[in-house]
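Q: In order, the protein sequence lines correspond to chains Y and D. Start counting the first sequence at 1; every next residue gets the next number (the UniProt record's numbering). Start counting the second sequence at 1; every next residue gets the next number (the UniProt record's numbering). Ideal Cβ positions, reconstructed from N, Cα and C, are used throughout, including at glycine. The structure is given below, and queries will be raised subsequently.
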Amino acid sequence: MNAHSKPDLRELSYAEAIREAMDIALTNDPSVILMGEDIGVYGGAFQVTGDLVDKHGTDRVMDTPISELGGAGVAVGAALTGLKPIFEFQFSDFAALAMEQIVNQAAKVRYMLGGSVSVPLVMRFPAGSGTGAAAQHSQSIEAWLGHVPGLKVVQPSTPEDAKGLLLAALEDPDPVMIFEHKILYKMKGHVPEGHYTTPIGKAAIRRDGKDVSIVATSLMVHKAMQAAEQLEADGIDAEVIDLRTVRPMDRDTVLSSVRKTGRMICVYEGVKTLGVGAEISAMVAESDAFDYLDAPIIRLGGAECPIPYNPELEKAAVPQMPDILAAARDVVKGRV
Amino acid sequence: MPVEVIMPKVDMDMASGKVMSWHIEIGQSVEKGEPLFDIETDKAAMEVEAPATGILHHAAPEGAEIPIGKAVAWLYAEGEEVGEQPAPFAAVGGDAAPAPEPAEALSDDSAPEPGSEPEPRPEPEPELAYAGDAEGIRATPAARRLAREEGVALAELPGTGPRGRVQAFDVREYLKGLATPSAPATFRPETGPLHISRSKGGTGTPVVMIHGFASDATSWAPIESAIKHRPLIRIDLPGHGKSPKLRIRDFAALVKEVRAAFDGLQLDQAHLVGHSLGGAVALALADTRERKVSSLSLIAPAGLGPQVNGEALNGICKATRAESLGPWLRSLVADESLITDGYARLAMQARSDANLRAAQLAMADALFPDGVQAFDLRAALGRIEVPARILWGKSDAILPWSHALQAPGRVALHLFDGVGHMPQLEVAGEVGKILRAQL
């Protein structure tokens, strides 16, 4: 799946890559701490922190009470006073409980105090559907937070980027929200050793193509890659862009791709309306790349409903590979 | 809501176009895509298709000059109530013109003064021609950009996308079509009478106009407004414009065909205006029909000496794409900037019929073998006694202007500095005034 995976290179799962990033950070930088519900002895809701508490101790890998608002408030305060907390939510859906701290405090304090302070806070959000966890544990809410100036929002789609973006987030003086797709935690891929960073705000072209730009986020990048492979048989050469960062969005990469292909499909798991794809589409429509569009822009996003519990309906509620395949064929063959 | 029919932009530097003729009467219906009206610009004439199916109402009068992107008529749906004209016609220069009077939109005053620059026209609003067509052209941004860059009239393109949307593919295919060299054409001669087109309106002695080699009746457009007080009758030479592609073995055969057309008009009197080869034909016609000719105006006429730029004639006849036609077209004029790439493309579009090119090549071979004028009308010029004048550009690179100096003293000479073979295009205002004074 990962363009970088080669058998002779070291492979880690996405979850292991995140754990390794946190381990490196804890080791290299005494100001880094981990916070979250059940991240200590239990190892985290998705076993991402694992045994880090054994290595770094409970002073630096802290279980927080079952109050997202309280935990997040402590994390913002810690960040304001010199620490670099990495705060884990059990499910990204629970960000709703901590919105005051994220949106009104973390994102705004720097601005409201004239730049005299910053909030070097990293928040990790297990996100997305596909686990049968239903409406309150399956959402993709990156667009909520992407709407807030003062936050940075990233969505790594590979183990390599999961590690690189986390380490980059720790170097960022401002709050960075990392949305990790639960389905990706077990995905394996090459992960470089040691410390490195993946730039925030920079998309990755996962596959070069000339006929249509498929701009995807998170898990959808992999579905887009599968679709692109099948499209090859139709003689359609799709370019797949992994957006990686929702805010700030990599305008240049998207626009130059559209100038090349003249067609664009946005694929994202969040609800289609008012989502990430709307922003990508508008960005193209407002730019000089507009003049290169040779077909309507297509958005494939989540259905306009809470994620259903029924596994078939759950699948139907988010874009799947055949949807991308059909949309790409339509848009390239001039059927829409 | 009636569908607005707009003046399309068919040429890169076109600010307005003239409604030449409607293909249907007011109140008649037209299918979308059928030819609806003919337009003329400074440089070209073109058929415009109906943007929608409907019944024609509030059509701009023939001869009206309308800025691009502005309404020339409205198409009503079957049964739709026809009320007031939804908006007055926009006039060149800005003010809205009332509908009924054709002369209003283009008065004689708008003809440029001799020696002055043509009156500045309002800047075209480029997006209008493309955007103001909600019911008309459906095209992707990429197709519009390509069409804009390449000087292609979007309205002329068949769209292969959903609901007829023009896509970049369609523009590229179209350009490819223009660029595809056709196989060496074999000339398939046709038969039939020559095509004659007439202006609407005008009184008094009609003016019969005969265009030059490799041209057609639309080439008179730049000076027509100056002389439209007379009925204008334009003859398309054989193998040119809409005339049949007759086999013409020599100059006498050519004159015979034109004379037959002229006789068929059954005119008591006519003013003759001819350009280049058409000038030679007009002179020959005057020589044999002198009693019917009121005056003779020859613009850079052929037939007054052996020299001719055979290379240019050959080049124009053989060109199969705008890129190869353009340079030869530029040799026709002194100011090459008159011949834009868009102009060349339109000119090539008018020459896209391989049989037309083959017919003209055969005619060139008959009339100008080895690059020499194989006919001599100097004696005829000496004989004719009707009021005659010769207009010539002193930078003519096709026929030497010095041929004019052989004219007898009673023939007036108008020689233009810095003008090439196309005075009626290059100094249209002056040529129009000179002709008008005579007619």
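Checking contacts by CB at 8 Å: is Phe94 of chain Y closer than that to chain D?
A: Along the first sequence, one-based indexing puts residue 94 of chain Y at 94. Not an interface residue.
Q: Spatial neighbours of Pro319 of chain Y within its chain, please: CB distance less than 8 Å, with the 5 preceding and 5 following residues excluded, ordered by chain position.
A: Here residue 319 of chain Y is taken as the residue at index 319 of the first sequence, counted from 1. So the list reads Met220, Lys223, Val267, Tyr268, Glu269, Leu300, Gly301 and Gly302, once near-sequence residues are dropped.
Q: Going by C-alpha to C-alpha distance, which of Y:Val276, Y:Ala285, Y:Asp294 and Y:Glu286 sits closest to Ile141 of chain Y?
A: Working through the first sequence from its first residue, we reach residue 141 of chain Y at position 141. Ranking the options by Cα distance to Ile141 of chain Y, first place goes to Y:Val276.
Q: According to DSSP, simplified to helix, strand and coil, what is Phe262 of chain D?
A: Mapped onto the second sequence, residue 262 of chain D falls at position 262. Helix, per DSSP.
Q: For the stretch 209-296 of chain Y, list the alpha helix (DSSP H) runs that are entirely contained and at least 4 residues long, ordered along the chain.
A: With a minimum length of 4 residues, the continuous alpha helix (DSSP H) runs that stay inside the stretch 209-296 of chain Y are 219-233, 251-261 and 276-285.
Q: Measure the alpha-carbon distance for Glu119 of chain D versus Ala364 of chain D and round it to whole angstroms.
A: Within the second sequence, numbered from 1, the residue matching residue 119 of chain D stands at position 119. Within the second sequence, numbered from 1, the residue matching residue 364 of chain D stands at position 364. Since pLDDT at Glu119 of chain D reaches only 49, below the 50 mark, its modelled position is unreliable, and the value read off the structure follows with that caveat. Cα to Cα, Glu119 of chain D sits roughly 38 Å from Ala364 of chain D.
Q: Using a Cβ cut-off of 7 Å, which residues of the stretch 153-168 of chain D contact any Cβ in chain Y, in chain order?
A: Cβ contacts with chain Y come from Thr160, Gly161, Pro162, Gln167 and Ala168.
Q: Which residues in chain D sit within 8 Å of Val215 of chain Y, going by Cβ to Cβ distance?
A: Locating residue 215 of chain Y in the first sequence gives position 215, counting from the first residue. Simply none; closest approach about 18 Å.
Q: May I ask you to verify whether the stretch 48-59 of chain Y touches the stretch 73-85 of chain Y, counting CB pairs closer than 8 Å and requiring at least 3?
A: No, they do not touch.
Q: Comparing alpha-carbon positions, which option in D:Phe375, D:Pro51 and D:Ile223 lies nearest Val30 of chain D?
A: As a first step, residue 30 of chain D is located in the second sequence; it is residue number 30 there, counting from the start. Taking only the C-alpha atoms, the option nearest Val30 of chain D is D:Pro51.
Q: Which residue from Y:Asp237, Y:Lys182 and Y:Met22 puts its Cα closest to that of Gln139 of chain Y?
A: Counted from its first residue, the first sequence places residue 139 of chain Y at position 139. Checked all of Y:Asp237, Y:Lys182 and Y:Met22; the closest Cα to Gln139 of chain Y is Y:Lys182.
Q: Write down the C-beta distance between Tyr174 of chain D and Val152 of chain D rounded to the nearest angstrom, noting that I regard them as a contact closer than 8 Å.
A: Position 174 of the second sequence, counted from the start, is the residue given in the question as residue 174 of chain D. Position 152 of the second sequence, counted from the start, is the residue given in the question as residue 152 of chain D. Yes, Tyr174 of chain D and Val152 of chain D are in contact; Cβ-Cβ is about 6 Å, under 8 Å.
Q: Sort out for me which residues DSSP pairs Ser295 of chain D with in a bridge.
A: Numbered from its first residue, the second sequence carries residue 295 of chain D at position 295. According to DSSP, Ser295 of chain D bridges with D:His271.
Q: For the stretch 61-88 of chain Y, list the beta strand (DSSP E) runs that are entirely contained and at least 3 residues long, ordered along the chain.
A: As far as the stretch 61-88 of chain Y is concerned, its whole beta strand (DSSP E) runs of at least 3 residues are 61-63 and 84-88.
Q: Comparing the C-beta of Leu255 of chain Y with each C-beta of chain D, is any distance below 8 Å?
A: Your numbering for residue 255 of chain Y matches position 255 in the first sequence. So no, Leu255 of chain Y is outside the interface.
Q: Taking the alpha helix (DSSP H) that Gly310 of chain D belongs to, which residues open and close that run?
A: In the second sequence, residue 310 of chain D corresponds to position 310, counting from 1. Start and end: Gly310 to Lys318.
Q: Whose C-beta lies closer than 8 Å to the C-beta of Ala270 of chain D among residues of the same chain, with five residues either side of it excluded?
A: Residue numbering aside, residue 270 of chain D sits at position 270 when the second sequence is read from its first letter. Taken in chain order, the residues that qualify are Thr205, Pro206, Val207, Val208, Ile233, Phe262, Lys292, Val293 and Ser294.
Q: Classify Cys317 of chain D as buried or exposed, calling it buried when 16 or more other Cβ atoms lie within 10 Å of its own Cβ.
A: As a working mapping, residue 317 of chain D is identified with position 317 in the second sequence. Its Cβ being crowded by 16 or more others within 10 Å, Cys317 of chain D is buried.
Q: On the premise that Ile33 of chain Y lies in contact with Arg10 of chain Y, defined as a C-beta separation below 8 Å, what is that separation, rounded to the nearest angstrom?
A: Residue 10 of chain Y sits at position 10 when you count from the first residue of the first sequence. Residue 33 of chain Y sits at position 33 when you count from the first residue of the first sequence. Actually they do not touch by this definition, with Cβ atoms about 27 Å apart.
Q: Going by other Cβ atoms of all chains shown within 10 Å of its Cβ, with 16 needed for buried, is Pro222 of chain D buried or exposed?
A: Residue 222 of chain D sits at position 222 when you count from the first residue of the second sequence. With 16 or more Cβ atoms within 10 Å of its Cβ, Pro222 of chain D is classed as buried.
Q: Note down, in chain order, each residue of its chain lying with its Cβ closer than 6 Å to the Cβ of Val333 of chain D, except the 5 sequence neighbours on either side.
A: Here residue 333 of chain D is taken as the residue at index 333 of the second sequence, counted from 1. Closer than 6 Å at Cβ, skipping near neighbours: Gly420, Met422 and Glu426.
Q: Helix, strand or coil for Asp38 of chain D? Go by DSSP, reduced to three states.
A: Residue mapping note: residue 38 of chain D aligns to position 38 of the second sequence, counting from 1. It is a strand residue.
Q: Counting Cβ pairs, one atom from each stretch, are 3 or more of them under 8 Å apart for the stretch 228-248 of chain D and the stretch 296-310 of chain D?
A: The answer is no - the stretch 296-310 of chain D does not touch the stretch 228-248 of chain D, with fewer than three Cβ pairs under 8 Å.
Q: Can you pull the chain D neighbours of Arg299 of chain Y, defined as C-beta to C-beta under 7 Å?
A: Position 299 of the first sequence, counted from the start, is the residue given in the question as residue 299 of chain Y. Going along chain D, no residue has its Cβ under 7 Å from Arg299 of chain Y, so there is no contact; the nearest lies around 18 Å.
Q: Does residue 447 of chain D come out as helix, strand or coil in the three-state DSSP assignment?
A: Absent from the structure is residue 447 of chain D, since the part of chain D shown begins at 1 and ends at 439.
Q: Identify every residue that forms a DSSP beta bridge with Ile307 of chain Y.
A: On the first sequence, position 307 is the one that residue 307 of chain Y refers to. In the DSSP output, where bridge partners are listed per residue, Ile307 of chain Y has none listed.
Q: Check each candidate in D:Glu385, D:Ser331, D:Glu224 and D:Ile6 and name the one with the smallest Cα separation from Ala407 of chain D.
A: Along the second sequence, read from residue 1 onward, the residue named residue 407 of chain D stands at position 407. Minimum Cα distance to Ala407 of chain D is reached at D:Glu385.
Q: By DSSP, does Val5 of chain D sit in helix, in strand, or in coil?
A: Looking up residue 5 of chain D in the second sequence gives position 5. In the structure shown, Val5 of chain D sits in a strand (DSSP, three-state: E or B).
Q: Cβ of Glu193 of chain Y within 8 Å of Cβ of Ala17 of chain Y?
A: The sequence position of residue 193 of chain Y within the first sequence is 193, counting from 1. The sequence position of residue 17 of chain Y within the first sequence is 17, counting from 1. Not a contact, by the Cβ cut-off of 8 Å.
Q: How should Glu84 of chain D be labelled, buried or exposed, when 16 other C-beta atoms within 10 angstroms of its C-beta is the threshold for buried?
A: Taking the first residue of the second sequence as 1, we reach residue 84 of chain D at position 84. Looking at its Cβ environment, which holds fewer than 16 other Cβ atoms inside 10 Å, Glu84 of chain D is exposed.
Q: Check whether the Cβ of Ala15 of chain Y lies closer than 8 Å to any Cβ atom in chain D.
A: In the first sequence, the residue the question calls residue 15 of chain Y occupies position 15. False, the Cβ-Cβ gap to chain D never drops below 8 Å.
Q: Can you tell me whether Pro86 of chain D is buried or exposed? The criterion is at least 16 other CB atoms within 10 Å of its CB, across all chains shown.
A: Walking along the second sequence from the start, residue 86 of chain D turns up at place 86. Its Cβ having fewer than 16 others within 10 Å, Pro86 of chain D is exposed.
Q: Using the rule of at least 16 other Cβ atoms within 10 Å of the residue's Cβ for burial, across every protein chain shown, is Gly432 of chain D buried or exposed?
A: What you label residue 432 of chain D is simply residue 432 of the second sequence in a count that begins at 1. It counts as buried.
Q: List the residues of chain D that Glu335 of chain Y touches, going by C-beta distances under 9 Å, in chain order.
A: Here residue 335 of chain Y refers to the residue found at position 335 of the first sequence. In the sequence as presented, Glu is not what sits at residue 335 of chain Y; that position holds Arg. The contacting residues are Gly161 and Pro162.
Q: What residue does the alpha helix (DSSP H) around Arg145 of chain D start on, and which one ends it?
A: Start at 1 with the first residue of the second sequence, and residue 145 of chain D comes out as number 145. Run containing Arg145 of chain D: Pro141 to Glu150, per the alpha helix (DSSP H) assignment.
Q: Comparing alpha-carbon positions, which option in D:Met1, D:Gly429 and D:Ala64 lies nearest Gly79 of chain D?
A: As a working mapping, residue 79 of chain D is identified with position 79 in the second sequence. Of the listed residues, the one whose Cα sits closest to Gly79 of chain D is D:Met1.
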